[in-house]
Structures are given as C-alpha cells and as structure tokens.
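Participant: The structure under discussion is supplied below as structure tokens; questions concerning it will follow.
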Amino acid sequence: MHLPEQGFPARFLGLIPDSEAACLMEEISQDQLVALSVATVFEAVTMGRDAAHCISDETNSKIFSSGIDWALGGVTEETQSCLEGFAMGNPEIVTLFQSGSEGLMAMPADQFVELSETSQGMYNCMTEDELLRVQLTATEALAMP
Numbered sequence: 081m082h083l084p085e086q087g088f089p090a091r092f093l094g095l096i097p098d099s100e101a102a103c104l105m106e107e108i109s110q111d112q113l114v115a116l117s118v119a120t121v122f123e124a125v126t127m128g129r130d131a132a133h134c135i136s137d138e139t140n141s142k143i144f145s146s147g148i149d150w151a152l153g154g155v156t157e158e159t160q161s162c163l164e165g166f167a168m169g170n171p172e173i174v175t176l177f178q179s180g181s182e183g184l185m186a187m188p189a190d191q192f193v194e195l196s197e198t199s200q201g202m203y204n205c206m207t208e209d210e211l212l213r214v215q216l217t218a219t220e221a222l223a224m225p
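Throughout the sequence shown, residue numbering follows this note's numbering, covering 81 to 225 in sequence.
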C-alpha cells in the first residue's frame, strides 16, 4: 500500500513510528489514504478516528504541536516543544481535537467548557506574533460561510 506524500495529513507521516504506521495500514484502505492526502483538518480527523487506537499519546502530542505549527505557518522550536509538552500533560485536549466537528457538537456543554478552559494553557507556549496569527486564523475561519 502506498502512502500519499502531499497534503495536510501527509505532513505528519514522518512523525509516526513504523509500528504505529503498520497498524494504520491495517485499519485504513488505500482509497482512504488518498482521500486523507487532500482532506481538511476535521475531515482527516473524522476519517482517521477508527484508527486512532494505532497512535500513541507521544505521537499524538507531536502531531498536535506540528498541526499548530502547520496551521500558523510556522512557530518557533521553543513553541513547538512547549506545545508538545502541553499535549502530553493534557491528553484530553488532544482527544478534543481528535473528536472532529461531530464530536465537538455531541459533547455536553459543561465538558466542552472545561476542556476549552484547559486548552487556553497552550497559548502560554506562544510568542506574541504567534498569538496574533492565531487570532487572524480564527477570525478568517469564523468569516467563512
């Protein structure tokens, strides 16, 4: 089976150890891999949800920090390291992101608020410039139809 080499999820393939990649290859079809190569963040998370058990907390933390790096057009190495540590210390935040839009919508409001408050801690990892890019990215996302 051939792994796609471009697109959003392909960026993270190098972060996945061989043992975890082997598990993914058993769980995800070639057609799904091709679809993943052009998927949006939430589409990729939704498509990969059934294979989430293949990925360790450590790898998920690396993917989480690399995803933020990708979404913001780059962050400092210090920020990326801090975000990885944040994700390792708060695996429930990674789970929140993995739940995709369906999971977010199905989550009880009090749980969502609690996890949202915890997730604010990741901003302590970021430089002022990175925080401004978060604001810009969020504003653009909210403006989309």
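Backbone N, C-alpha and C fix where the C-beta goes; we use that ideal spot for every residue, glycine too.
No experiment lies behind these values; they were computed from the predicted model shown.
Is it right to say Met159 is buried, meaning 16 or more other beta carbons lie within 10 angstroms of its own, or is it exposed?
Facilitator: First, the residue type needs correcting, since residue 159 is Thr and not Met in the sequence shown. It is buried - the Cβ of Thr159 has at least 16 other Cβ atoms within 10 Å.
Participant: Using 8 Å as the threshold, is the stretch 184 to 191 in touch with the stretch 136 to 154, meaning 3 or more CB pairs across them?
Facilitator: As far as the Cβ criterion goes, the stretch 184 to 191 does not touch the stretch 136 to 154, which means the pair count is below three.
Participant: Counting along the chain, where does the alpha helix (DSSP H) carrying Arg213 start and finish?
Facilitator: Segment Glu208 to Ala223, the alpha helix (DSSP H) holding Arg213.
Participant: Less than 7 Å separating the beta-carbons of Leu152 and Leu176?
Facilitator: No, the Cβ-Cβ distance between Leu152 and Leu176 is not below 7 Å.
Participant: Can you find the residues in the same chain that come closer than 7 Å, C-beta to C-beta, to Leu211, ignoring five residues on each side of it along the sequence?
Facilitator: So the list reads Tyr203, once near-sequence residues are dropped.
Participant: Can you grab the Cα-Cα spacing for the pair Ile148 / Ala167, in whole Å?
Facilitator: Using only the alpha carbons, I get a separation of about 11 Å.
Participant: From Phe92 to Ser146, what distance separates their C-alpha atoms?
Facilitator: Straight-line Cα distance between these residues: approximately 8 Å.
Participant: When the Cα atoms are used, what is the spatial distance from Val174 to Val114?
Facilitator: Answer to the nearest angstrom: the Cα atoms are 24 Å apart.
Participant: Run through DSSP, which three-state label would Ser99 get?
Facilitator: It is helical.
Participant: Considering only the alpha carbon of each residue, which of Pro171, Glu172 and Glu100 lies closest to Cys134?
Facilitator: Comparing Cα positions, the closest option is Glu100.
Participant: Figure out for me which residue from Gly154, Met105, Gln110 and Ser109 has the closest Cα to the Cα of Asp234.
Facilitator: One cannot answer for residue 234 here, as it falls past the ends of the chain, which runs 81 to 225.
Participant: Using only the alpha-carbon positions, how far apart do Thr217 and Met206 sit?
Facilitator: Their Cα atoms are separated by approximately 14 Å.
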